[in-house]
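S.K.: The structure is given below, and queries will be raised subsequently.
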Amino acid sequence: MKSDLLSRRDLDFLLFEWLRVDELTQRARFVEHSRETFADVLDLFEQLATRYFAPHNKKSDACEPSFDGTSVTVIGEVKEALDAVARAGVLGMTMDYELGGAQLPVTVGQAGTAWLSAANVSTAGYLMLTAGNANLLATFGAPDQIDAYVRPMLAGRFSGTMCLSETQAGSSLADITTRAEPRPDGSYRLFGSKMWISGGDHELTDNIVHLVLAKIPGGPPGTKGISLFIVPKFLVGPDGSLGERNDVVLAGLNHKMGFRGITNTVLNFGEGGFRPGGEPGAVGYLVGEPHRGLTYMFHMMNEARLGVGMGAVALGYTGYLKSLEYARQRPQGRPVTAKDASTGQVPIIDHPDVKRMLLAQKAYVEGALALLLYCARLVDVQHSPTSDEERDSAASLLDILTPVAKSWPSQWCLVANDLAIQVHGGYGYTREYDVEQHYRDNRLNPIHEGTHGIQSLDLLGRKVVQRGGANLAALGAAIAATVSSATAIGGDPAQLAAQLDTSWQRLVEVTAAMFSSGDIEAALANSVIYLEAFGHHVIAWMWLEQLLAAHGKAGDFYDGKRQAARFFFGYELPKTAPQLDLLARLDRTTLEMHTGWF
Numbered sequence: 001m002k003s004d005l006l007s008r009r010d011l012d013f014l015l016f017e018w019l020r021v022d023e024l025t026q027r028a029r030f031v032e033h034s035r036e037t038f039a040d041v042l043d044l045f046e047q048l049a050t051r052y053f054a055p056h057n058k059k060s061d062a063c064e065p066s067f068d069g070t071s072v073t074v075i076g077e078v079k080e081a082l083d084a085v086a087r088a089g090v091l092g093m094t095m096d097y098e099l100g101g102a103q104l105p106v107t108v109g110q111a112g113t114a115w116l117s118a119a120n121v122s123t124a125g126y127l128m129l130t131a132g133n134a135n136l137l138a139t140f141g142a143p144d145q146i147d148a149y150v151r152p153m154l155a156g157r158f159s160g161t162m163c164l165s166e167t168q169a170g171s172s173l174a175d176i177t178t179r180a181e182p183r184p185d186g187s188y189r190l191f192g193s194k195m196w197i198s199g200g201d202h203e204l205t206d207n208i209v210h211l212v213l214a215k216i217p218g219g220p221p222g223t224k225g226i227s228l229f230i231v232p233k234f235l236v237g238p239d240g241s242l243g244e245r246n247d248v249v250l251a252g253l254n255h256k257m258g259f260r261g262i263t264n265t266v267l268n269f270g271e272g273g274f275r276p277g278g279e280p281g282a283v284g285y286l287v288g289e290p291h292r293g294l295t296y297m298f299h300m301m302n303e304a305r306l307g308v309g310m311g312a313v314a315l316g317y318t319g320y321l322k323s324l325e326y327a328r329q330r331p332q333g334r335p336v337t338a339k340d341a342s343t344g345q346v347p348i349i350d351h352p353d354v355k356r357m358l359l360a361q362k363a364y365v366e367g368a369l370a371l372l373l374y375c376a377r378l379v380d381v382q383h384s385p386t387s388d389e390e391r392d393s394a395a396s397l398l399d400i401l402t403p404v405a406k407s408w409p410s411q412w413c414l415v416a417n418d419l420a421i422q423v424h425g426g427y428g429y430t431r432e433y434d435v436e437q438h439y440r441d442n443r444l445n446p447i448h449e450g451t452h453g454i455q456s457l458d459l460l461g462r463k464v465v466q467r468g469g470a471n472l473a474a475l476g477a478a479i480a481a482t483v484s485s486a487t488a489i490g491g492d493p494a495q496l497a498a499q500l501d502t503s504w505q506r507l508v509e510v511t512a513a514m515f516s517s518g519d520i521e522a523a524l525a526n527s528v529i530y531l532e533a534f535g536h537h538v539i540a541w542m543w544l545e546q547l548l549a550a551h552g553k554a555g556d557f558y559d560g561k562r563q564a565a566r567f568f569f570g571y572e573l574p575k576t577a578p579q580l581d582l583l584a585r586l587d588r589t590t591l592e593m594h595t596g597w598f
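To convert, note that position 534 of the sequence shown is 534 in UniProt numbering; the numbers rise steadily by one, no gaps.
Structure, rendered in structure tokens:
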């Protein structure tokens with residue numbers, strides 16, 4: 001029976017026919033694995049998603065966590081699901097053997113965890129945060145910190161969070177006020193408050209490892225003075241045993257329109273709820289060097305951005321599959337050419353506008369899934385490069401694609417969810433059907449881990465111009481290679497390749513003109529438009545890549561790929577032309593709008 005969470009056939013196509021992840025086993029890091037290993041992992045994740053995550057998705061949405069002023073209550077099925085993942089030993093599956101990981105490719109790991117997000121994105125959120133926290137500490141933490149915190153997280157005994165935002169600062173991290181005062185024993189005492197902390201308090205694990213951004217008094221101003229600290233909910237003894245309760249206190253829960261099954265918290269540090277050792281302040285331990293906290297945190301933030309993108313894909317994909325099945329089963333109306341009202345009704349999938357909505361969903365979610373898996377393979381190449389040149393090229397591509405991989409799926413897979421509701425008609429916005437919840441859940445992803453505006457400034461203001469435009473050049477070279485391969489085939493692939501090449505060259509020209517104008521304010525004013533146009537070109541490239549992988553292969557699956565590619569190039573890529581025109585003329589409409597005119 002086909003799953004309505006994700007398409008295993010599509011995953012197999014993307015992983016094995018297109019990205020050829022089985023070839024990664026020729027690299028030293030992955031040599032102990034095989035295609036069979038990878039397939040078994042995907043089977044395992046589908047089983048976990050189906051048995052432990054999907055059944056309580058609607059329940060965790062309806063029965064969100066509650067706080068009685070002392071403790072948080074979360075429905076029991078959430079812990080059952082997390083424990084099942086811990087028993088399966090897959091939480092740290094992509095991490096090093098010596099840490100207890102399995103050194104699986106991140107590409108396979110991302111494909112696996114996508115099943116969990118499609119089934120229940122809230123419960124999966126606890127795992128994403130814990131894995132990102134463990135990866136950061138494994139990279140920058142001291143050996144004793146790895147032993148005390150990373151190993152228990154990978155075993156499922158501890159969970160992890162990231163604590164960045166504050167009420168008065170929001171995304172402007174230069175303005176955080178949480179402070180960390182040094183103590184003679186090398187530890188620190190933290191004082192301050194953090195907002196929007198997912199997974200910030202619960203009793204699902206024995207301990208919670210908070211990674212907290214704070215400033216050491218006397219440090220440089222702004223972001224250059226930010227340091228990173230481990231602040232556990234319970235102190236951990238030298239032998240790994242849990243000690244005193246740390247002064248990390250839950251001030252309250254935030255109640256969201258989606259992702260309602262994961263606690264989202266306001267946390268107070270050092271406000272006197274608990275006083276470890278009788279001293280004021282929450283006990284914290286510095287990660288790495290002072291004042292380099294934001295650099296370290298970007299390791300987790302970038303991983304989380306790719307995780308948010310994949311979560312958005314998963315929600316869009318399951319919504320697409322459910323609306324597709326509904327459209328096959330729902331009889332309504334007759335073809336416009338049918339004149340006899342006594343003839344039987346046809347399934348709504350036969351109606352052209354429903355086909356349009358389904359094709360759009362297919363183009364968005366399958367294109368976005370390809371992008372996230374491509375980015376994951378770049379991570380694998382960085383972990384196991386065959387040359388310095390290959391490693392540097394992968395790093396450049398990942399740098400410039402990360403803001404796109406976060407933002408494009410969270411915008412357009414949300415549109416897919418909107419279309420899934422529309423396909424269902426009046427049933428679509430009722431709670432009896434899943435698609436309304438998928439929309440609410442996915443609506444948070446355009447904000448999670450940096451809004452479109454933040455990602456667009458990162459793309460246009462930083463990633464495009466970094467190293468003299470090396471990132472943009474690397475992406476251009478990759479697109480050119482795909483265009484060349486498609487051109488050599490001829491036919492449809494060649495025609496679409498010519499369309500992409502012409503449009504991409506226009507984007508590159510506009511990019512250069514925006515910066516050569518010298519009016520940086522005007523260039524960046526419409527950065528979100530740039531991000532959207534840029535992302536559409538990237539997804540068009542992903543579809544051309546899939547078209548090449550499907551070339552010469554017969555059957556409904558491959559014909560569906562070819563038609564979705566035609567749809568994206570015919571309906572979506574042309575939308576970028578007026579966007580590029582607006583960018584080229586350095587439109588100042590938004591800049592010149594006076595606040596008093598609103």
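Think of the CB as a built atom: it goes at the ideal place given N, C-alpha and C, for glycine as much as any other residue.
Since Phe568 and Ala540 should fall inside the 8 Å C-beta cutoff, what is the C-beta to C-beta distance between them, to a whole number of angstroms?
M.R.: 6 Å
S.K.: Looking at the unbroken beta strand (DSSP E) that takes in Met162, where does it start and where does it end?
M.R.: First-last of the beta strand (DSSP E) with Met162: Phe158 to Cys163.
S.K.: State the DSSP-derived secondary structure class of Leu235, mapped to helix, strand or coil.
M.R.: strand
S.K.: Taking just the CA atoms, how far does Ala363 sit from Lys79?
M.R.: 35 Å
S.K.: Is it the case that the segment 308-323 contacts the segment 407-415, given that we only count it when at least three CB pairs across the two stretches are under 8 Å?
M.R.: yes
S.K.: Roughly how many angstroms separate the alpha carbons of Glu390 and Pro403, rounded to a whole number?
M.R.: 21 Å
S.K.: Nearest to Phe298 by CA position, among Arg183, Leu164, Leu531 and Ile75, is which residue?
M.R.: Leu164
S.K.: Assign Asn120 to one of three DSSP states: helix, strand, or coil.
M.R.: Coil at Asn120, not helix or strand.
S.K.: Looking at the strands, I want to know which residues DSSP matches up with Pro182.
M.R.: According to DSSP, Pro182 bridges with Tyr188.
S.K.: Consult DSSP for Ile539 and reduce its assignment to one of helix, strand or coil.
M.R.: When DSSP states are grouped into helix, strand and coil, Ile539 belongs to the helix group.
S.K.: Starting from Arg245, trace the beta strand (DSSP E) both ways and give me its first and last residue.
M.R.: That run of the beta strand (DSSP E) goes Leu242 to Arg245.
S.K.: Thinking Asp206 and Leu242 are a contact (beta carbons under 8 Å), I'd like their distance in whole angstroms, please.
M.R.: 6 Å
S.K.: Rounded to the nearest angstrom, what separates Pro55 and Thr73 at their Cα positions?
M.R.: 19 Å
S.K.: Would you say Leu82 and Gly156 are within 9 Å of each other, going by their C-beta atoms?
M.R.: yes
S.K.: Measure the C-alpha to C-alpha separation of Asp68 and Leu253 and round it to an integer number of angstroms.
M.R.: 10 Å
S.K.: If you compare alpha carbons, which of Pro347, Asp201, Ala474 and Gln329 is closest to Asp392?
M.R.: Ala474
S.K.: Nearest-angstrom Cα distance between Asn445 and Val308?
M.R.: 6 Å
S.K.: Could you check what DSSP says for Val283 in three-state terms: helix, strand or coil?
M.R.: strand
S.K.: Pairs of beta-carbons, one from the segment 1-12 and one from the segment 37-57, closer than 8 Å: are there three or more?
M.R.: yes
S.K.: Do Phe30 and Pro105 have their C-beta atoms within less than 9 Å of each other?
M.R.: yes
S.K.: In chain order, which alpha helix (DSSP H) runs of at least 4 residues are fully inside the segment 506-589?
M.R.: 520-525, 527-550, 556-567 and 576-584
S.K.: Mind checking which residues open and close the beta strand (DSSP E) that includes Ile208?
M.R.: Asn207 to Lys215
S.K.: In terms of alpha-carbon separation, which member of Asn246, Gln345, Ser171 and Thr37 lies closest to Thr223?
M.R.: For the residues Asn246, Gln345, Ser171 and Thr37, the minimum Cα distance to Thr223 belongs to Ser171.
S.K.: CA-CA distance, Glu77 and Leu204?
M.R.: 10 Å
S.K.: So, helix, strand or coil for Val249, using DSSP?
M.R.: strand
S.K.: Spell out the partners DSSP gives Ser3 in its beta bridges.
M.R.: According to DSSP, which records beta bridges pairwise, Ser3 is partnered with nothing at all.
S.K.: For the segment 314-395, list the alpha helix (DSSP H) runs that are entirely contained and at least 4 residues long, ordered along the chain.
M.R.: Counting only runs of 4 or more, we get 352-383.
S.K.: CB Asp247 to CB Gly200, shorter than 9 Å?
M.R.: no
S.K.: Closest by CA to Leu306, which one among Asp340, Leu324, Val379 and Leu321?
M.R.: Val379
S.K.: For Asp388 and chain D, any beta-carbon pair shorter than 9 Å?
M.R.: Any reference to chain D falls outside this structure, which holds one protein chain only.
S.K.: How far does the beta strand (DSSP E) with Leu459 in it extend, from its first residue to its last?
M.R.: According to the DSSP assignment, Leu459 belongs to no beta strand (DSSP E), since it is labelled neither H nor E.
S.K.: As a quick exercise: from Glu64, Thr94 and Ser60, pick the residue whose alpha carbon is nearest that of His383.
M.R.: Cα-wise, what sits closest to His383 is Thr94.
S.K.: Going by other Cβ atoms of all chains shown within 10 Å of its Cβ, with 16 needed for buried, is Gly367 buried or exposed?
M.R.: buried
S.K.: Decide yes or no for the touch test of the segment 346-358 against the segment 272-290: beta carbon pairs closer than 8 Å, at least 3 of them.
M.R.: With the cut-off at 8 Å, the segment 346-358 and the segment 272-290 do not touch.
S.K.: Going by DSSP, what residue range makes up the beta strand (DSSP E) through Val85?
M.R.: From DSSP, Val85 is part of no beta strand (DSSP E) but of the alpha helix (DSSP H) over Gly76 to Ala88.
S.K.: What's the C-alpha gap between Glu436 and Gly261?
M.R.: Cα atoms of Glu436 and Gly261: separation of roughly 15 Å, rounded to the nearest angstrom.
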